[in-house]
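This report refers to the structure that appears directly beneath it.
Chains as they are written, first to last, in my numbering: chain S, 1 to 307; chain H, 308 to 614; chain V, 615 to 877; chain L, 878 to 1140.
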């Protein structure tokens, strides 16, 4: 299928194909090297990184739900300096775009973390996480108001010159408004959706299952909500959209692109099939060939009648 | 299990058990009389009724999703007068609480519809639908802002003296704020969640599956979100909560009560098992007996450590 | 007719066979008691177990009811995950169904009425049971069955045992080449002999048949297959836009007099 | 040890038996090639097909590896929908697994080391493979197996074929009455003879065993069974709070020197 062009662009970031891995679901990529040829993945977004090390939340952090799962990891990571010193030298060797998901608890900490990652020449972009539902301070708090989102993006934009993707929270009344706000502050792209805030209760123990009570819902269960939001944001902003939320196969990925996504992220599916990413890449190529298309970019927003 | 008390109260409305049927999923109850003894159900909430007749949206109105379904029926109904003349004489004969789900497109139409139903002596309560995601005018528009919600509840409260339950939309940043707003206007209870706004796309046809593009997601897929919202609203208001969202069995129902619900509604599950309601009633009684409880009311909010 | 008592039944798979690749015939029985009354044109809602991607029941038309064997026949076209899961059922497996649902075709009041049953693809399924009921009422039916090609024709021998069978295939591999509406048989079908048309199949085919019937002034009933959830008239998802507005195909239908449809 | 190459394998169910009600032994084989290297204490992630309520893989410890028969044994306690679905697999069915995962128990460097393997309930499963590996290295293991009652003891004859077996049951129906930590055997277990303890089972039992080992100054390794999703150290859901902070049981474990645990 050499006649099929899978390349897609997020701002100035050129991806060999539209399939990336979602932060926190693919480790640093290296954990999956036994299962997939990492160089065949469009991009790897490594786990949420903060300025200071974080222990994350207490166990239990996970609950299985109907076609989905809840997690409340809470951004456990060893901090940006550890990443720069110990992880970066390894991941930079991976022959694909490696992005870092950046989180913080104030515009300043977000910006400082981004500034340090900007110095890493082989990290062409960051994904700004203003939507983590599992940390008290910061995280989702910024992502659920236009002002909060704008304040973080403004600070990071001033500190980070490369491609800036802002990951949006679905736990809002109008995700289109949030998307417009971050676009106005100079974000190069938005990615959506982060997890839906949910909860699981153990009926026998009569207590919440997760250590902090609530957690973030991911998996096929949330796909209809994610598709709807990508659809709405596509009509609201001009910057590219990275779509995610319950993608399990190539058909799901195609649906997100038809709704308006320029690229997609595969998250929870990596837990069920560690080799799913490359299968999705191949499946998208098959779809394009079957439909007589030559470029994956023809799919972007194609389900919108008015465009 | 004569020693088990399943009775529960929503304001001044006494239910023989906490299991009601969700509007739009159980018709007028009569459609299910072949499968269940309707008198064993705690309450039947008949389908959304408006002042004027409504044709609803065009076909297709439904899409199956992972452990859920999307619908965009759009409040099809023959109007409140038709209900009063032709349906009420039939449903009043059902030996359980029969409630009417009321919708409109302005505070005035909501209020007038409620006023006419107030005259029906055997309808002890209404559920105010300020959260239908499938009608352009009205519906969810009112349910996603505190002001909008308050305006409708205020108008209806003035026109309707019996038990007033307000059905809340989950498509908001803070459902707790909306709940407080409707409580402040005199609502006797809140029910949540209505459907999550979602979408399905046909990858082969490259078009949305539903006639109006988006629809409301229901079924087990949304249960974690619904539980979380009941949990949050329980901490925000003093009025009773009716919990719904993906309840398929007695364990699910118990979880909602543990999260803070005084009663529950069973919706989509009626489509998979038309006899599910009575099974849930029996299952709750079994649970109570197994745990040495004598009243279902002991479950309400019991998963909250702080109460 | 939707006043008929409905049941939730656990039936047992007595036989499962593959009349054609991609199609399975489920012969279900109730080991406990006689199957309830079911009319030709009615359908059942089948619960699909063990298919994670299938959430709702699957509406399937009644292919045949064998009273002697106490069997309900369902002809399933395995097109999606749900129907594929049904196609993999083993003999002896339990299948939960809700039945009977919907109305059904109008049955004859006199033996002088003549029925032309026009089906396409798997849409021919309910016409077998309808034909049997007609025969038992003294009206030997005429079947006009269309398919893409010979190997897409289903249960032909069973239809021939009940009435006269005419066939069209798009590739001419059996019967006359073309669509059912192009069959030479239509030349002899007119209002003078009290012909009634019943049709089930792809919508374009049913629309064409209904137009032809209208031209000839013949009463015509079509069985619709709108996407549905509950099958009981509760969810209002399967509506068809008719002269009386949006009505539930699962309750007011699936069989409609085409004059009521906006075709 | 987590540097061992991992594989996604489609294995075939050669035998499925029920050693006790509620438990099944899956004997899986790879018809194509030899099974990869796997260490005692490691586990596999099993994909559960056909269970709508099961979304994630199920982590299951390696019960035994039969190199001659090219078989991987998994002892499954059918407690939830996922494990119940696995318990219903038919011989010949394909089971998709990711393996090997995690680290494993520390193996002996000299034949003079003495291993006491203490297990409870289905937690005894990985000790069978560990015992076999010890025996093959010239260290005949001692097993101390606890259960609620005699009919909860699993694979006893297999353990007896590998080493000395001591049993405790809570009801005294077999072996000594009480918990494993109360067995008279402990009187002879001390640091003078280079005893090493490996334990797997309910957390309270493992905590008690580790305390006893600490009192006696014996090295002790425990195999944890935290709730996990990916099994690869990616999702960070299965963390245990250790002296080094939160670490993934699936990657740094499941076997930990108890000195690292905050027990």
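Just so it is clear, CB atoms sit at the ideal spot from N, CA and C, and this is done for glycine as well.
Should residue 310 of chain H be labelled buried (16 or more other beta-carbon atoms within 10 Å of its own) or exposed?
exposed
Is the beta carbon of residue 670 of chain V less than 9 Å from the beta carbon of residue 696 of chain V?
yes
Excluding the 5 residues preceding and the 5 following residue 478 of chain H in the sequence, name in chain order all residues of the same chain whose CB lies nearer than 7 Å to its CB.
440, 447, 451, 503, 504
Quick check on the DSSP output: the beta strand (DSSP E) that includes residue 659 of chain V runs from which residue to which?
657-660
C-beta neighbour in chain L for residue 813 of chain V, strict 9 Å:
no
Local conformation of residue 616 of chain V per DSSP, three classes
Because the pLDDT of residue 616 of chain V is 46, which lies under 50, any placement of that residue in the model is unreliable, and the question is left without a value.
Tell me whether the stretch 625-632 of chain V and the stretch 589-596 of chain H touch, counting them as touching only if at least three CB pairs, one residue from each stretch, are closer than 8 Å.
No: fewer than three Cβ pairs fall under 8 Å.
Report yes or no: is there a C-beta of chain S within less than 9 Å of the C-beta of residue 902 of chain L?
no
Taking the C-alpha atoms as reference points, what is the distance between residue 534 of chain H and residue 1103 of chain L?
Put simply, the backbone Cα of residue 534 of chain H is about 24 Å away from that of residue 1103 of chain L.
Pick from H/537, H/459, H/546, H/566: whose alpha carbon is nearest that of residue 319 of chain H?
H/546
Please report how far the alpha carbon of residue 879 of chain L lies from the alpha carbon of residue 1074 of chain L, in whole angstroms.
Confidence is the limiting factor: at residue 879 of chain L the pLDDT is only 46, short of 50, which leaves the residue's position unreliable, though a coordinate-based value still follows. One C-alpha to the other measures close to 22 Å.
Of all the options L/903, L/912, L/1014, which has the alpha carbon lying nearest to the alpha carbon of residue 886 of chain L?
Considering only alpha carbons, the answer is L/912.
Mapping the DSSP letters down to three states, classify residue 794 of chain V as helix, strand or coil.
helix
Residues bridged to residue 77 of chain S by DSSP?
S/54
Could you list which residues in chain V have their beta carbon closer than 8 Å to that of residue 985 of chain L, in chain order?
Result: empty, since nearest Cβ-Cβ is about 45 Å, beyond 8 Å.
Using Cβ-Cβ distances below 7 Å, what residues of the stretch 162-178 of chain S are close to chain H?
171, 172, 173
In chain order, what are the residue ranges of uninterrupted alpha helix (DSSP H) at least 4 long that sit wholly in the stretch 922-946 of chain L?
none
Taking 9 Å as the cut-off, decide whether the C-beta atoms of residue 978 of chain L and residue 883 of chain L are in contact.
yes
Buried/exposed call for residue 989 of chain L, threshold 16 Cβ in 10 Å:
exposed
Between residue 719 of chain V and the rest of its own chain, which residues show a CB-CB distance below 7 Å, the 5 nearest in sequence each way excluded?
The residues are 654, 655, 744, 812, 835, 869.
Following the continuous alpha helix (DSSP H) through residue 604 of chain H, name the residue where it begins and the one where it ends.
Boundaries cannot be given for residue 604 of chain H, as no alpha helix (DSSP H) includes it and DSSP labels it neither H nor E.
Please report how far the alpha carbon of residue 579 of chain H lies from the alpha carbon of residue 28 of chain S, in whole angstroms.
42 Å
Bounding residues of the alpha helix (DSSP H) (the contiguous stretch that carries residue 147 of chain S)
146-159
Is the stretch 945-956 of chain L close to the stretch 1075-1086 of chain L, with three or more CB pairs under 8 Å?
No, the stretch 945-956 of chain L does not touch the stretch 1075-1086 of chain L.
Just to check my reading of the structure: residue 164 of chain S and residue 130 of chain S have Cβ atoms closer than 8 Å, yes? What is that Cβ distance to the nearest angstrom?
Actually they do not touch by this definition, with Cβ atoms about 12 Å apart.
Among S/74, S/153, S/70, S/91, which has the Cα closest to the Cα of residue 113 of chain S?
Closest by C-alpha distance to residue 113 of chain S, out of S/74, S/153, S/70, S/91, is S/153.
Taking only beta carbons into account, state which residues of the stretch 209-225 of chain S come closer than 9 Å to chain H, listed in chain order.
213, 214, 215, 217, 219, 220, 221, 222, 223, 224, 225
Length of the line joining the Cα atoms of residue 837 of chain V and residue 875 of chain V:
11 Å
Is it buried or exposed for residue 305 of chain S, if we count other Cβ within 10 angstroms and need 16 for buried?
exposed
Continuous alpha helix (DSSP H) stretch holding residue 823 of chain V: start and end
Here the alpha helix (DSSP H) through residue 823 of chain V covers 817-829.
Indicate whether at least one CB of chain H lies closer than 9 Å to the CB of residue 622 of chain V.
yes
Cβ pair count under 8 Å reaching 3, the stretch 520-530 of chain H against the stretch 484-499 of chain H:
no
Residue 1140 of chain L in three-state terms, based on DSSP
coil
Cβ distance (whole Å) where residue 947 of chain L is taken to contact residue 1002 of chain L below 8 Å
Between the beta-carbon of residue 947 of chain L and that of residue 1002 of chain L there is about 19 Å, and that puts the pair past the 8 Å contact cut.
Pick from H/387, H/370, H/374: whose alpha carbon is nearest that of residue 380 of chain H?
H/370
So which residues of chain V does residue 927 of chain L contact, with C-beta pairs closer than 9 Å?
663, 664, 665, 666, 699
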